[in-house]
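Novice: Let me begin by handing over the structure; questions about it come next.
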Amino acid sequence: MIKKYLIITLFVMLTISLGVNVGAQDDMETYVLGVALPFTGSFGTFGQDFERGIDLAVAQMNAELEAAGSSIRFETASADTEQTPEGAARALQTIVQTTGAQVVVGPLTTSEVLGAKQFADENGVVIVAMASSGPAASIPGDNIFRVIYPPDTFSSKAFATIALERGHENMVVLYVDDPFGNGMNEQFIKNYQASGGGEVASFGYAPQSTELSAEAAAVSAALAGFGDNAGFFCVCFPGAAEAFVQVAQIDPILTSVQWLGNEAMTSDEMLEDPGHAQTLANADFVTVSQSADVTPLTPIFNADFVAMFDKEPGIFTNYAFDAANIAMLTMLAAGNDGAAVKSMLPFISNHYIGTAVQAFLDENGDQAIASYGIRQVREDGSGFEVIGTYDGNSDTITYK
Amino acid sequence: MLLELKHLRKDFGGLRAVDDVSLNVPEGAIIGLIGPNGSGKSTLINLIAGTIDLTAGQVIFAGEDISGLSADAVFHKGIARGYQEPTLYFKMTVLDNLLLPVKGQRGERPWYAPRWSTWQREERAHALAAMEVLRQVQLLPYYDTLASDLSGGQMKLLEIARALMGAPKLLLLDEPTAGVAPKLAYDIFRQIARLRDDHGITLLIVEHRLEILFDFVDYVYVMHLGNLLAGGSAAEISDHATVREVYFGD
Amino acid sequence: MPPALLTTSLVNSIQIGSLYALMALGITLTFSVMKLPNFAHADYFTAGAYAALIVSLSGAQNPIAIMSAAFLVGALTALLSHLAVFKPLESREVSLYTLILASFAVGLIIRYILFTMADYFNLFDLRIGIPLQVLYREGFLILSNIFAWVVPTTIALVILLTLLLNATPLGREMRALANNINLARVIGIPVERVKNSTWLLVGGLAGVAGALWSLQTAVNPLMGWAAIISVFAAAILGGLSSFSGTIIGAYVVAFSENTVILFLNYSFGLDLAYKPAIPFIIIIAVLLIRPGGFTQLLKRGGKLQR
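Chains as they are written, first to last, in this note's numbering: chain H, 1 to 400; chain F, 401 to 650; chain X, 651 to 956.
Next comes the structure, spelled out in structure tokens:
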């Protein structure tokens, strides 16, 4: 009983002190920017780095607002999506119910975005995702905007074209069995076969898997069945990607074919392992991911990030920075109101040039500018180099 | 006095199972504890052995107050016990059952256990001692048998043998002949008497077979409804009017 | 099923089954001696894997050193969780459900300590620095150096554990605790010390399993948790009481996850993504059809007998 009263008292005191706080800053207005990202799980390092990118954007925006004499300030409220759809829904609900946030930046993967979608649509909360690319979330009129990274309908086309250029008559695909992997697999098969490719054998693995020897055996057997001129395409998450390469590196079939794969295969951890790096190098591994094109803002972002956090920003961290800026600019223009933000966000996006590319949204609220880099692992496995670009809008590959 | 009970009381909820019992067990004696079913004898044994907690009173053993000690602590003070139902490690061999209570074995320490040489000699000595005890209770041929394969009487003997392995000063026995054929029951009591004669162990025995018990005991206490009704030699108790009334229904 | 696929999947089954066996034996031991289905077991395994990783990253690539460190860290983590949580709870005589919940909580705490550490030192999805090599190759049969570490280590540890349990005073006392802990107290067995020793042993085995597992896959704070359901399935198949049953159970689970699913995929097109469902199916099937697991089949009946 005493405990209960203690908690109530604390709560009351907290409320009063918060009230006093707001009262002291009289006519200041605070907009809450929600941040829902996976801070745990195999994407945990991405989530934590993305949050730093968002914090940088908010700090810069607040400094500018103060200098301009504005009465508006932004603050963030973040929650862990645990890299699951349910976790993303919970994270969104927590943020919205505890802070009244109208706009949330994140989550990361397509399955998390889809998990958070229902709550967002029903409660008029706008989601601004920075890296989700699964076609499953390309839905017109909903509250989800994917402002930087284009949907995989484009990159799957690039992968299919490269596979055909390499002379692969048949393909074997290993994909993570979630909306991202399923979408990539389906789109790849469609594009590959539409352009004259042969049979495709696909194997899905469960998203939380950390041990993929059975999957590797299946892929190897399918490649052997296709005979010469078959290629392999891996759509994996980090962690699983390393586990797969770990068992694949002694497989005689897998080490004798060429590989394609998504950007999770290009992590630093992968190349730190000499065996893994060598396996990828032998497989002439090629990945297609959004172009690391440079805008005038890119070096400034990098320098500011290092100044603030004393470390280099990780891959795609600038997308989180851009997404947060688009969200804040829209809130400044439309006010702290979900419906108004939803209506205005495409307009603001289409006039925003960030750290990588311009954000220009299609009718689904997804990035419509598809500019990719094609990267191949160096022969000695020491890193990746850009060997060409792919323009999704005109469907053309240009090699350097 | 080896064991002194002072005003022991045990309540189970509203039921007073043992009510203000005080009795003395002199060293080297064989003491009988009799009474009708439900008179509180087994509860009293459990109180002394520390398997259940006292409500009130004191247990003094060898001049030391051991009231409230846990069962293993009481065992290490030198009080061993046997059960009404044979309580053994039935899935283990007779020899294993005897080696378990040996105090301070080196091989039970995790860093010694994998190093055979550090405890093998000691283990052999314990095994020889156990074999000697088995010989005394005439179970030697069964040393490698699973305890579950013994007969009821042999199980009782094994319990007694196990108690001996702990070198106890006092042995509490709860109906050592329950469910045992009459001839074997007499054998069991002969073994019990030898525990006193050869090993100097004091015994407190709960028993229903008075005709056998009375041949061996030095003194008998009678319990009835949680109270101590009487005490005396076997002959006195046999003739005690009240005892005959509650016990034999005369 | 093509012979290459069958051969590879059988090798995988044996390799992964051995790792499951090492973990599942610990679960069986904890359940028998401590009467606790310990879900924190997964995280002793992860702690061991991280110990192995750190030793390896610090430059020592000697497998014996790596496994000893993993044993030590796993053992101490297990003992600490007993002394800090399970023992105080047992002395309050809480119900089994409370203990199970507590084991989940202990697991969470260890897991998030490891998360914090992994985040701080950036230790996500790394591997032990022992490169994978092909040791033996004959037709479709390919045996790696990892296979050569995992399988003999498991066999050696199982033999040692069996000897310890059946031929030493400590093992005798552990069996006694498993059978009747109250009697153990009454006949003066040092119950607490035997329990502590059991925890050290259980945690150490899990730690070694973690070290061996991290040869096979990447180390991250969730790796133990990802494997625990398969491991529990193995232990439940073994009836949670016999060593031989548990070992058979471990290989059956690994065989189902590596060979049976590939057969079903090859012949009937079953999606490989159903792999994580296999241990659940096994657990439910065992509990419904034969709650005693293989122990019942083996007709040993007794607890922790040979």
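We treat Cβ as the ideally placed atom computed from N, Cα and C, and that holds for glycine. As the structure is a computational prediction, the values presented were derived from the model and not from experiment.
Chain X beta carbons: is any one of them nearer than 7 Å to that of residue 269 of chain H?
Specialist: yes
Novice: With DSSP as the reference, label residue 569 of chain F as helix, strand or coil.
Specialist: In the structure shown, residue 569 of chain F sits in coil (DSSP, three-state: anything other than H, G, I, E or B).
Novice: Can you tell me whether residue 801 of chain X is helix, strand or coil according to DSSP?
Specialist: helix
Novice: Counting only C-beta atoms, is residue 847 of chain X closer than 7 Å to chain F at any point?
Specialist: yes
Novice: If you pair each beta-carbon of the stretch 687 to 695 of chain X with each one of the stretch 813 to 823 of chain X, do three or more pairs fall below 8 Å?
Specialist: No, because fewer than three Cβ pairs between the stretch 687 to 695 of chain X and the stretch 813 to 823 of chain X fall closer than 8 Å, the two stretches do not touch.
Novice: Chain F partners of residue 910 of chain X, CB-CB under 8 Å?
Specialist: The contacting residues do not exist; residue 910 of chain X stays about 35 Å from chain F at best.
Novice: Write down every uninterrupted run of the alpha helix (DSSP H) in the stretch 849 to 926 of chain X whose length is 4 residues or greater and which is fully enclosed by it, in chain order.
Specialist: Within the stretch 849 to 926 of chain X, complete alpha helix (DSSP H) segments of at least 4 residues are found at 873 to 887, 893 to 905 and 911 to 918, given in chain order.
Novice: Check whether chain F comes within 7 Å of residue 816 of chain X, counting only Cβ atoms and requiring the distance to be less than that.
Specialist: no
Novice: How about residue 405 of chain F and residue 459 of chain F: do their beta carbons lie closer than 7 Å?
Specialist: yes
Novice: Looking only at its own chain, which residues have a Cβ that is under 8 Å from the Cβ of residue 162 of chain H, when we skip the five neighbours before and after it?
Specialist: 260, 286, 288, 374 and 397
Novice: Could you give the DSSP three-state label for residue 837 of chain X: helix, strand or coil?
Specialist: coil
Novice: List the residues of chain X that residue 250 of chain H touches, going by C-beta distances under 7 Å, in chain order.
Specialist: 782, 784, 792 and 794
Novice: Have a look at H:136, H:91, H:115 and H:149 and flag the residue whose alpha-carbon is nearest the alpha-carbon of residue 369 of chain H.
Specialist: H:149
Novice: Excluding sequence positions up to five away, which residues of its chain have a Cβ less than 6 Å from the Cβ of residue 548 of chain F?
Specialist: 490
Novice: Using CA coordinates, which residue listed in X:783, X:873 and X:694 is at the minimum distance from residue 247 of chain H?
Specialist: X:783
Novice: If we ignore side chains and look at the alpha-carbon of each, how far apart do residue 242 of chain H and residue 234 of chain H end up?
Specialist: 11 Å
Novice: Quick one: give me the first and last residue of the beta strand (DSSP E) that residue 33 of chain H is part of.
Specialist: 29 to 37
Novice: Using 8 Å as the Cβ pair cut-off and three pairs as the minimum, do the stretch 380 to 399 of chain H and the stretch 153 to 160 of chain H touch?
Specialist: yes
Novice: How long is the line joining the alpha carbons of residue 22 of chain H and residue 134 of chain H, rounded to whole angstroms?
Specialist: Because the pLDDT at residue 22 of chain H is just 43, under 50, the model does not fix this residue reliably, and the value given afterwards should be weighed accordingly. Spanning the two alpha carbons is a distance of roughly 41 Å.
Novice: Against residue 823 of chain X, what residues of chain F qualify as contacts under a CB-to-CB distance less than 9 Å, listed in chain order?
Specialist: 500, 505 and 508
Novice: Quick one: which chain X residues come within Cβ less than 7 Å of residue 203 of chain H?
Specialist: Under the 7 Å cutoff, chain X gives 922.
Novice: At a Cβ threshold of 7 Å, is residue 513 of chain F touching chain X?
Specialist: yes
Novice: Assuming residue 777 of chain X and residue 864 of chain X form a contact by the criterion Cβ under 8 Å, report the distance between their Cβ atoms to the nearest whole angstrom.
Specialist: 7 Å
Novice: Kindly list the residues whose CB is nearer than 6 Å to the CB of residue 238 of chain H, restricted to its own chain and excluding five residues on each side of it in sequence; keep chain order.
Specialist: 42, 264 and 267
Novice: CB-CB under 8 Å to residue 59 of chain H, same chain, minus the five flanking residues each way: which ones, in chain order?
Specialist: Excluding positions up to five away in sequence, the list reads 308.
Novice: Counting only C-beta atoms, is residue 771 of chain X closer than 7 Å to chain H at any point?
Specialist: no
Novice: For residue 600 of chain F, which residues in the same chain have their Cβ closer than 7 Å to its Cβ, ignoring the five residues on either side in sequence?
Specialist: 428
Novice: Measure the alpha-carbon distance for residue 352 of chain H versus residue 333 of chain H and round it to whole angstroms.
Specialist: 13 Å
Novice: Alpha carbon to alpha carbon, how far is residue 208 of chain H from residue 47 of chain H?
Specialist: When rounded, the distance between both Cα atoms is 17 Å.
Novice: Can you name the residues that DSSP bridges to residue 425 of chain F?
Specialist: Bridge partners of residue 425 of chain F according to DSSP: F:403.
Novice: Please name the residue, chosen from H:45, H:136 and H:270, that lies closest to residue 117 of chain H on a Cα-to-Cα basis.
Specialist: H:136
Novice: Mind listing which residues of the stretch 481 to 492 of chain F have their C-beta closer than 7 Å to chain X's C-betas, in chain order?
Specialist: Within the stretch 481 to 492 of chain F, the residues whose Cβ lies closer than 7 Å to some Cβ of chain X are 481, 487, 489, 491 and 492, listed in chain order.
Novice: Would you list the one or two residues that DSSP bridges to residue 677 of chain X?
Specialist: According to DSSP, residue 677 of chain X bridges with nothing at all.
Novice: Using only the alpha-carbon positions, how far apart do residue 104 of chain H and residue 113 of chain H sit?
Specialist: 11 Å
Novice: For the stretch 564 to 586 of chain F, which residues have a beta carbon sitting closer than 8 Å to at least one beta carbon of chain X?
Specialist: Listed in sequence order: 566.
Novice: Distance, Cα to Cα, residue 606 of chain X vs residue 177 of chain H?
Specialist: What the structure shows of chain X is the stretch from 651 to 956, and residue 606 of chain X is not part of that stretch, so it cannot be assessed.
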